[in-house]
Amino acid sequence: MRQLTKQQTGFSLVEVMIAMFVSCVALLALAAGQLKSLQYANNSFQYTVALIQANNAVERVWADACDLQHGAKAFDQAYIDNTLSPDITGYSMALIGTAANAFNNNFTINVSWTDERINNENQAINDNQININAAFPQLPSTCNAP
Numbered sequence: 046m047r048q049l050t051k052q053q054t055g056f057s058l059v060e061v062m063i064a065m066f067v068s069c070v071a072l073l074a075l076a077a078g079q080l081k082s083l084q085y086a087n088n089s090f091q092y093t094v095a096l097i098q099a100n101n102a103v104e105r106v107w108a109d110a111c112d113l114q115h116g117a118k119a120f121d122q123a124y125i126d127n128t129l130s131p132d133i134t135g136y137s138m139a140l141i142g143t144a145a146n147a148f149n150n151n152f153t154i155n156v157s158w159t160d161e162r163i164n165n166e167n168q169a170i171n172d173n174q175i176n177i178n179a180a181f182p183q184l185p186s187t188c189n190a191p
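Under our numbering, the residues of the sequence shown are numbered 46 to 191, in order.
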């Protein structure tokens with residue numbers, strides 16, 4: 046006589062629940078990775094805009110370099126606010142290495158923004174700022190002659 050053997054008829058409910066749990070954990074990890082990727086992409090966009098703002102400030106100083114070096118234009122807070130400051134809200138600019146009312150041929154332009162989602166654990170490193178070094182040659186005093 047033939048002996049009856051038990052045949053597998055499908056997955057049990059426990060196996061299905063374990064498979065669903067593992068799938069959910071994997072999908073949540075992928076969603077978290079996608080969210081972090083979007084945050085860094087947004088910060089990269091802000092970095093690019095800040096870089097454009099800083100380079101724009103350097104180009105504006107180049108246009109006035111002769112007048113600034115020889116005192117025909119005052120390098121004061123009004124000049125900085127009206128000519129060099131970023132045109133887009135949410136960004137702030139600081140000049141490092143230059144004193145008030147005294148133009149210096151070598152200084153650093155710092156443009157920063159606020160993004161609470163991007164924080165470095167090391168407090169000494171700020172991922173929400175850029176620094177551009179501006180260096181201008183000394184122009185002759187006749188550079189602004191007609």
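Think of the CB as a built atom: it goes at the ideal place given N, C-alpha and C, for glycine as much as any other residue. For clarity, every value in this text was computed on a predicted model and none was experimentally measured.
What is the rounded straight-line gap between the Cα of residue i and the Cα of residue j?
i    : j    : result
S186 : A117 : 11 Å
Q84  : R162 : 7 Å
A62  : L96  : For the sequence presented, residue 62 should be read as Met rather than Ala. If you take the alpha carbons of M62 and L96, they lie about 51 Å apart.
N127 : N171 : 27 Å
C188 : R105 : 17 Å
F56  : V70  : 21 Å
I154 : S82  : 28 Å
Q79  : E60  : 29 Å
A76  : T143 : 46 Å
L113 : A179 : 14 Å
T192 : L72  : No information on residue 192 is available, as it lies outside the stretch 46 to 191 that the chain covers here.
A139 : N173 : 14 Å
A64  : A74  : 16 Å
Y124 : S68  : 60 Å
Along the chain, where does the beta strand (DSSP E) containing residue i start, and where does it finish?
i    : result
T187 : Neither: T187 is in no beta strand (DSSP E) and is coded neither H nor E.
A180 : Q174 to A180
Measure the beta-carbon distance from residue i to residue j and round it to whole angstroms, keeping in mind my assumption that it falls under 8 Å.
i    : j    : result
T137 : S157 : The sequence given here places Ser at residue 137; Thr does not occur at that position. Correct: roughly 6 Å between the Cβ atoms.
F148 : I141 : No, F148 and I141 are not in contact; Cβ-Cβ is about 14 Å, not under 8 Å.
F181 : N150 : 5 Å
Does the distance from the CB of residue i to the CB of residue j come in under 8 Å?
i    : j    : result
I175 : Y92  : yes
V103 : I133 : no
Q122 : A86  : no
A110 : L184 : yes
Considering only DSSP beta bridges, list what residue i is partnered with.
i    : result
M138 : V156
N151 : A180
Just reading off the alpha helix (DSSP H) that residue i is part of, what are its end residues?
i   : result
F78 : The displayed chain sequence assigns Gly, not Phe, to residue 78. Counting along the chain, the alpha helix (DSSP H) containing G78 begins and ends at L58 to Q114.
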